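What follows is a short report on a single structure.
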Amino acid sequence: MRKIGVLTSGGDSPGMNAAVMAIARSASLYGMPLIGIKHGYNGLLRKSTNIHDDMQELYLDTVLDIADEPGTYLRTARCLEFMNPEYRELAVKTLAAMEIDGLVVLGGDGSFQGAQRLCELGVPCIGIPATIDNDLGYTEMTLGFDTAVNVCVDAVRSIRATSRSHDRPAVVEVMGRHCGDIALTTAVSTGSEIVVVPEVPWTVEGVADQLRKQLAKGNTRATIVLAEGCYDAMAPFDLYGYLTTHGKPCYEGEPMSAVRFASVMKRMCGMVEARATTIGYTQRGAEPTARDSAFAFEAGNLAVKLLRDGVANQVIGMKNGRVTYMPIDEALSTERHFNRPLFDLVNSL
Ligand code: F6P
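Just so you know, my numbering puts 107 at position 108 of the sequence shown, and the rest follows in order with no gaps.
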């Protein structure tokens, strides 16, 4: 294998640039030219009139400065066209025309499915799990998760300080899509008293009971960490009916949100105030932590080495604290396990 390509796909994730830099350094060491493909899989679909808007050769001096930078230098996108076989065939033709013999794909589950399809069409691919969500069952960590958690931990610590000053509870919503790992790790790391996740069914009344218990213990600044996907696991609750009969205007059919949840808690638990914060995209746009950067460094090197040695159709991951790899099919069919005992511990103390 001579020339290889790299792309970042899906939601950006802290550490993507560090991985691209490690890939560039390794490719340079092994004498393999490296093409950076822009805007995820879109860069393979000849959408731009100027090829340089779709791909560029990555030289060491271009990428040496980007390792610590947040975001992704190559840009990213969720490319829906790639679900269509015709577009995937076009991508294969583009790679052949550019004499790119193998591809490193940084992204999450959807991006890996794209890589798997390319593998089936004969393009050797290596995946690096890059998503803040930590929602891939085959690996102990995904690139960006640690940074996202650290952003949440900083935010929750600050929120808990002001909560303490005002003796009022706080509701904090964190990202993670359908995965509660960011919420759970944040709760554990900050001593937050209640955590609500999509993996465990819950009721609004049940969380209010938990909060009342905290208040009864004299804890006036309890923190409820909500995973953004937790509303999917919430038992039906008449938000409109409850709020409008408790003096809070609300639109009929309005969905539950962190702000609305705080309003409900305030009323159910008879508190003067409860405040809500949604941490949002700061979790994705932060500088990578040392742990994420170190994973990026090793994963980037391993990806290039595997392509160089003709070992293709693999994804890199972390097992027993070591960077390793496994076939992409096996990885995608590995079930994810949520740490239920830890979840129960947080909610029981
Ligand atoms: O997958 C990463 C992630 O940040 C999720 O946690 C979140 O649900 C989603 O992306 C948000 O995506 P978008 O950038 O399209 O708003």
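No residue lacks a Cβ here, since even glycine has one placed at the ideal position from N, Cα and C. In this text, all values refer to a predicted model and were calculated from it rather than measured experimentally.
Of the choices the options, whose alpha-carbon is the least far from that of residue i?
i           : options            : result
residue 67  : 25, 39, 14         : 14
residue 119 : 91, 297, 264, 61   : 91
residue 198 : 59, 41, 40, 336    : 336
residue 103 : 304, 323, 320, 243 : 304
residue 299 : 125, 213, 283      : 125
residue 157 : 46, 134, 145, 185  : 185
residue 331 : 44, 72, 138        : 138
residue 242 : 220, 230, 265      : 265
residue 261 : 220, 328, 296, 151 : 220
residue 39  : 79, 328, 2         : 79
residue 88  : 111, 117, 106, 69  : 117
residue 345 : 193, 23, 154       : 193
residue 286 : 115, 36, 12, 3     : 12
Quick one: is the Cβ of residue i within less than 7 Å of any heavy atom of the ligand F6P?
i           : result
residue 132 : yes
residue 284 : no
residue 172 : no
residue 176 : yes
residue 227 : yes
residue 107 : yes
residue 9   : yes
Who pairs with residue i in a beta bridge, going by DSSP?
i           : result
residue 223 : 170, 193
residue 276 : 171
residue 105 : 7, 127
residue 316 : 323
residue 33  : 3
How should residue i be labelled, buried or exposed, when 16 other C-beta atoms within 10 angstroms of its C-beta is the threshold for buried?
i           : result
residue 200 : exposed
residue 99  : buried
residue 202 : exposed
residue 259 : buried
residue 278 : buried
residue 16  : buried
residue 63  : exposed
residue 164 : exposed
residue 182 : buried
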